[in-house]
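In what follows, a single structure is set out as C-alpha cells and then discussed.
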Amino acid sequence: MRLRGRKGILEAIENQKDLCVLDAKPHKGRWREFFGNDNPIYIELGMGKGKFISEMSVRNPHINFIGVDMYDELIRRASEKARAAWAEQGVDSPPNLALLRANIEGIEDMFAPGEIERIHLNFSDPWPKAKHARRRLTHQRFVAKYMEILNERGEIHFKTDSQSLFEFSLNSFADMELVMRNISLHLHKDELRDDLVLTEYESKFVERGNNIHRVEVVIGAQALAAHRQAKLEAQKRDQSEETSTAVDEPSTAPAATSEG
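FYI, in UniProt numbering the residues of the sequence shown are 1 to 260.
Below, the structure is given as C-alpha cells:
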C-alpha cells in the first residue's frame, strides 16, 4: 500500500501515548499493564484505516484490542476513527484499544507466548505470485508464530475476498492439521451479517456483489475442547430431533383385521 506522506504525521501519533504505540518490545508480556486489566486481548494484523478494530472495541468493552500496521499514516487515520467511534459513547480516549506501529514479520517480539486470545486477519494482501507465497499472512511460517502467542482459548479468524488466497489458506491450515469451523465461501450470500463487523474493504466488496470468504481456526486446548463439546451437543440434538420426528410420523402399514 502506497500512502502519501503528510507533514506532522509522526508527531501526531507520538502525542497520543494513550492510544498509539510505536515500539512494542517494552510491552511484550506486559500488555495487560498497558490496558490496566486482565481482560482477553484480541489483535488485528494489518488493520488498515482502523474501522474494524475501532468498532470491535466499542462493541466489546470487556475485551482489549490491538490493531497492528506498519505505516504512520494508517496509525494516524485509525486513531481518528477510534476516537470518533468512542466519542459517540461519550468517551474521549478509547479504554480498551491500542494502535501498534509494527511489521508483522517480528510478531514474536511484540507479544509473549500465550498473551493473545484471538487473531483477526482481514483482507490481507494475497501476494498472488507463487514466488511471494511466504509473504502471505496465512503461510505456515506465520501461522506457527501465531500459535506461539495464542493462549489456551486461542483462535484465528480470517476473511478475504480472494478465492486463491482462501484456497491457499485452507490448505495451509489443513497441512498443519488445525481444526477449522464455520467455513464460508460466500459470507453475505443470504443477507448482510450485521453480527460481524465489516472492514472498509468488505463494505465496498459487498456493494459490488463480491464473494467474501471466512473461516475460524481453533488453536488453543480450551478452545478445541469447547468446540468438540459444542459438536457433540449438536449431534445429540440432531439425534433427538430425528427420534422425535420418527415417533410423530404416522404409520403407513395396513391396519390389522380380526377374523371372526
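Ideal Cβ positions, reconstructed from N, Cα and C, are used throughout, including at glycine. Source: prediction; values computed, not measured.
Suppose the cutoff is 8 Å on Cβ atoms and the five residues either side in sequence are ignored; what does the same chain contact list for residue i look like?
i      : result
Arg59  : Val197
Glu242 : none
Gly260 : Per-residue confidence for Gly260 stands at a pLDDT of 34, beneath the threshold of 50, marking its modelled position as unreliable; the derived number appears in the next sentence. Contacts found: none.
Asn210 : Asp161
Pro61  : Pro95, Asn96
Ala256 : Residue placement at Ala256 cannot be trusted, given a pLDDT of 44 that sits under 50; the coordinates are not used to answer.
How about residue i and residue j: are their beta carbons less than 8 Å apart?
i      : j      : result
Ser79  : Ile9   : no
Ile104 : Leu150 : no
Val179 : Leu232 : no
Glu44  : Asn171 : no
Met176 : Gln140 : yes
Lys49  : Glu207 : no
His188 : Ile212 : yes
Leu19  : Ser124 : no
Arg32  : Asp38  : yes
Arg136 : Leu165 : yes
Thr138 : Ser184 : no
Glu108 : Lys131 : no
Glu115 : Ile41  : yes
Can you give me the Cβ contacts of residue i inside the same chain, cut-off strictly under 6 Å, excluding the 5 residues immediately before and after it?
i           : result
Ser162      : Pro126
Val21       : Ala98, Leu100
His157      : His120, Glu216
Gln16       : Ser79
residue 310 : What the structure shows of the chain is the stretch from 1 to 260, and residue 310 is not part of that stretch, so it cannot be assessed.
Met56       : Phe65, Val197
Throw me the rounded Cβ distance for the residue i and residue j pair, which I believe falls under 8 Å.
i      : j      : result
Lys159 : Arg214 : 5 Å
Glu148 : Pro113 : 5 Å
Ile53  : Phe65  : 5 Å
Asp69  : Gly106 : Not confirmed; about 13 Å, so no contact.
Gln222 : Arg118 : Incorrect: roughly 13 Å between the Cβ atoms, too far for contact.
Lys51  : Lys28  : Rounded, the Cβ-Cβ distance is 27 Å, inconsistent with contact.
From the beta carbon of residue i, is the nearest beta carbon of chain C less than 8 Å away?
i      : result
Lys159 : This model lacks chain C altogether; it includes just one protein chain.
What residues are listed by DSSP as bridge partners for residue i?
i      : result
Thr160 : His213
Ser184 : Arg214
Tyr71  : Note: Tyr71 sits in no beta bridge, so no partner.
Ile41  : Asn64
Glu155 : Arg118, Val218
Ala98  : Ile66
Val21  : Leu100
Val197 : Paired residue(s): none; Val197 is not in a bridge.
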